[in-house]
Structure formats: C-alpha cells, structure tokens
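*Asks:*
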Amino acid sequence: MCGIVGLFLKDKSLEPQLGAMLSEMLVLLTDRGPDSAGIAIYGSSAEGQGKLTIQSPSPKRDFAGLDAELSKKIGAPVAVTVKSTHAVFVMPADKLEAAREAIVELRPAARVMGMGETIEIYKEVGLPVKVAERFEVSKMSGTHGIGHTRMATESAVTTMGAHPFSTGPDQCLVHNGSLSNHNNVRRELRREGMTFETENDTEVAAAYLSHKIAGGMDLGQALESSLEDLDGFFTFVVGTKNGFGVVRDPIACKPAVMAETDRYVAFGSEYRALANLPGIEQAKVWEPEPSTVYFWEH
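So the sequence shown is numbered by my numbering: it starts at -9 and just counts up by one.
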C-alpha cells in the first residue's frame, strides 16, 4: 500500500503554489506509506540549460567543490544549489550526460536522482512531511509534479528504493502496486542497453517507458504498450517535460481518483489528497478506468 499524488497545472497563476499544493496532497496520504517519500517538480530553466539532481549520504564531503570539478571535466560553467542531502547542478543541456558520467568518477558514493531541462527530484527515507520540509518543497514553483509515499514490499527501505524513479531525461514515474514479471523485463531491457541501480520493480516500469519513448513512442503510446507487456497490479503516474500521464492495470484494484478543472488536473490514491485544492467543489471528479490511458500535455 503506497500513496501517489500528481498535479498538472493549466493556470499559470498557480505555478508559484505548485510545491506547496503537492506537498500538502502527499502529507495527507502519509498513513499509506511511512517508509520513504519523494517529489518530482517540473520547473523553469534558462534557454539551453539543464539540471542534474544528485543525492549523497555524505553531502558535506561529496558536494564540496564538485561544481568546479564538474565544470573542469565538461568544459562548461556549472552552478549548484545544495538542499540537505541533494544538490541541483545547472549547466548547458548538451553537457548533462557528460556530467552524469563524470560524477560516477568524481563522487562514487553519490547517486543521480534525475536530469533534464526542467525536472528536479527529491526523495529520502522518512515521512512525507519531513521530506518536504527538508527540501523546502513548499517554496518551489513549476508547471506540474508528482509525489509518492512508500510502504516497501518489493525491496529494502533506502533512498534509492524511494520513488519517483527517473530513467530518462525529464522523465519519472511513481507506482502503487507490484509487478510480477519485472525480473524478465529487466533482463530484456538490459539486453537493450538500459542500466539499473536497484532491484525495485518500479525502476523497471520507469525504464520500460523510457525505452519506448526513446524508440519513438509518445507518452500515451508507451503507457498503452505497458498494458500489454507489464504484468501485475499497478497504478502508474508519469511525468515528462511537457506532460503528465496515468494508467491502471486491467484489474485496477489499487485505489485512484482524479479531478479536473479549467485550472488543473489532479491525481490522488484517495480523495482526501485532493480535498483542499482550489475549486475542488466544482471539479469533475472520477475514478480512472482500468486499462485506460489518461494524459495531458502543455
């Protein structure tokens, strides 16, 4: 049992409130998963710039001087903002992959949480309220975001086992459920060149979608394909640079509710996550259908 939230803003005037709204939604689902929590925020970026979010169990050691070392390695300017155990490095977008490879060499204990033009991912062991406070998520603005509070069933309670999982540029996924064929899918994806950092089934789902999108599918097509290739009980909420998608397996035993107004689209594992959103009383509220893909793009 885990808790998922998602918020896709149509009204630009709400963008400064995205972090605060998403944090509150997730905190309201705390009892669905007390082990770990995480949030992905899609914010703004300067033209031609990209972001790389990394996490370290020893941030003082690993983050000290890393911006200068990365800048030297990739031959481009690098700026950094440190938030507790995470740091967001900003650099030219075409240098992100080189920087990712350099971090493996320069800071072997650090782990990349996500990278892209707009995405920032913050996740740690602990309750949603503590995670949100730790990274000052309520102060963050953006166009859309997703969050997750976890009750571990498939793997250990660690930072790397927390959601969201990001396996492609500006892509991430949160999941409530359990995949029964994730070991087979992982082996197939490894043969295709995908790499994995955990044994978590959700990382497999994220990598599956990233692989399909890299092969030319859009988000909607990739989610449709997952209904054929992934077995188990699942609800996925997915973020991309411009979009936000939801899909449930054919049985749809994991709870889910959605709401849409002319200002936003929202998702929650339970209605209470949506209850404090502005204008929720006038929203169209529904339970997403089994084997049905829903997605929105800016």
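Here a beta-carbon is modelled for each residue, glycine too, at the ideal position from N, C-alpha and C.
Here the structure is a predicted model, which is why all the values come from computation and not from measurement.
For Cys243, count neighbouring Cβ atoms within 10 angstroms of its own Cβ and tell me buried if that reaches 16, exposed if not.
*Replies:* Exposed, by the Cβ-count rule.
*Asks:* Restricting to runs no shorter than 4 residues, where is the alpha helix (DSSP H) found entirely within the segment 182 to 247?
*Replies:* With a minimum length of 4 residues, the continuous alpha helix (DSSP H) runs that stay inside the segment 182 to 247 are 191 to 204 and 209 to 219.
*Asks:* Starting from the C-beta of Leu169, find all residues in its chain whose C-beta is less than 7 Å away, skip the five residues before and the five after it, and write them out in chain order.
*Replies:* Counting only Cβ-Cβ distances below 7 Å, and skipping sequence neighbours, we find Asp191, Val194, Ala195, Leu220, Asp221, Gly222 and Phe224.
*Asks:* Please report the Cβ distance between Leu12 and Gly137, rounded to the nearest whole angstrom; I am assuming they are in contact, meaning their Cβ atoms lie under 8 Å.
*Replies:* At roughly 6 Å, the Cβ-Cβ gap stays under 8 Å, so Leu12 and Gly137 are in contact.
*Asks:* Out of curiosity, what's the CA-to-CA distance linking Pro245 and Ile64?
*Replies:* Roughly 45 Å separates the two Cα atoms.
*Asks:* For Ala83 versus Phe53, is the C-beta distance shorter than 8 Å?
*Replies:* No, these two residues do not count as a Cβ contact at 8 Å.
*Asks:* With respect to the alpha helix (DSSP H) encompassing Phe53, which residues constitute its N-terminal and C-terminal limits?
*Replies:* First-last of the alpha helix (DSSP H) with Phe53: Pro49 to Phe53.
*Asks:* With a CB to CB cut of under 6 Å and the five nearest residues on each side skipped, what residues in its chain are close to Ala122?
*Replies:* Cβ neighbours of Ala122 beyond the five flanking positions: Ser13.
*Asks:* Looking at Val247 and Glu260, is the spacing between their C-beta atoms short of 8 Å?
*Replies:* For Glu260 and Val247, yes; Cβs fall inside 8 Å.
*Asks:* Give, in chain order, every unbroken run of the alpha helix (DSSP H) that is at least 4 residues long and sits entirely within the segment 28 to 80.
*Replies:* Runs of the alpha helix (DSSP H) inside the segment 28 to 80: 49 to 53 and 56 to 64.
*Asks:* Anyone know if the C-beta pair for Thr139 and Ala27 falls short of 8 Å?
*Replies:* Result yes, Cβ atoms of Thr139 and Ala27 sit closer than 8 Å.
*Asks:* So for Thr20, helix, strand or coil by DSSP?
*Replies:* Helix.
*Asks:* Taking the alpha carbon of Cys162 as the point to measure from, which residue in Gly206, Glu271 and Ile109 has its own alpha carbon closest?
*Replies:* Closest option to Cys162, Cα to Cα, is Ile109.
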